[in-house]
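Sequence positions in the sequence shown follow the working numbering and run 3 to 187. A quick write-up on the structure given underneath.
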Amino acid sequence: MNKRKEILLCFVLMFTVSLCGCGSGRSRGNTEGKKEIGNAEAKEEKEAGMPRFYFGVEGAELKVFSAIDYTKLEQVTKDVENAKTYRGDDIEKVEGVYLTDVLKFVGASEYSSVMLTSFTGETIEYTSEMIEDPDTLLVFMINGDTLWGDKGVLGAEGKEMVHVLALGFPEDLWLWQLKEMTVNP
C-alpha cells in the first residue's frame with residue numbers, strides 16, 4: 003500500500019474507535035451521576051413502552067398494572083420504624099401509592115378482599131379493612147432505592163419489584179415481590 007492509503011486507513015480506524023468510545027457514560031467505573039442515568043433509563047423505558055415493573059390483576063377491568071400506571075397515581079412517602087425487608091435490611095422510608103388508589107385505577111370499585119401472590123408463590127389475603135388503611139401501600143421505593151427480584155426466582159430475577167406493605171399491621175402480612183393481585187367481590 004502506498005503511504006496515503008495507510009494514513010487514510012489509520013484515520014478511518016481512529017475515527018471508528020473514537021465513535022465506539024463515545025458511550026452514554028454507562029461504563030463500569032462511572033459512578034458519578036448514577037442516579038441521573040437510572041432516571042434517564044426509566045424515562046427511556048417509559049417512552050419505549052417498556053415499564054419498569056408490572057403485575058397481573060384478576061377480577062378487575064384492567065388486567066395489568068404497570069409502572070406507567072403507577073406514575074399516574076398520587077405517590078406518598080412514609081417513615082417506618084423498627085422494620086426490615088424480607089432480606090433483613092432496615093427500612094427507614096418507603097415510597098409508594100395507596101392500595102385503594104390502585105384498586106380504583108384498575109376498575110375494582112367494590113371488593114371484599116384482595117388475594118396477593120408473590121413471585122415466590124406466597125399468598126396473602128388482605129381484607130377490606132387492611133386495604134382501606136391509610137398505611138397500606140403498593141411500594142416501589144425503599145430507602146430511596148428499588149429492590150430487585152431474587153436470583154433464581156422464576157420471572158423475578160433481574161426485574162425491579164413492587165411490594166404491598168400494610169404498615170399498620172404485622173410484618174408477616176406484608177407481601178414482597180408482587181406478581182399478581184386477585185380482587186374478590
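Even glycine gets a Cβ: it sits at the ideal position worked out from N, Cα and C.
In the structure shown, Leu169 falls within a coil segment according to DSSP collapsed to helix, strand and coil. Nearest C-alpha to Thr73 among Pro136, Lys95, Val104, Leu180: Val104.
The secondary-structure analysis by DSSP pairs Glu162 across a beta bridge with Trp150. Glu112 is bridged by DSSP to nothing; it lacks a bridge partner. In this structure, the beta-carbon distance from Asn145 to Lys86 does not fall below 8 Å. In this structure, DSSP gives Asp92 an extended state, which the three-state scheme calls strand. For the pair Leu101 and Met183, the Cα-to-Cα distance works out to about 11 Å.
Taking a C-beta distance under 8 Å as the contact criterion, Leu75 and Phe107 qualify as a contact pair. Look at Phe55 here: in three-state DSSP terms it is coil, with no helix or strand label. Looking at the backbone, the Cα of Phe67 and that of Asn84 are separated by about 30 Å.
A direct Cα-to-Cα measurement between Asp147 and Val164 gives close to 11 Å. With contacts defined by Cβ atoms closer than 8 Å, Thr122 and Gln179 form a contacting pair.
Secondary structure of Leu101 (DSSP, three-state): helix. Counting along the chain, the unbroken alpha helix (DSSP H) around Glu134 starts and ends at 130–134. Counting other Cβ atoms within 10 Å of its Cβ, Arg6 stays below 16 and is therefore classed as exposed.
For Glu112, the closest of Lys80, Ile133, Glu124, Val99 by C-alpha to C-alpha distance is Ile133. A straight-line Cα-Cα distance of about 18 Å links Gly58 and Trp176.
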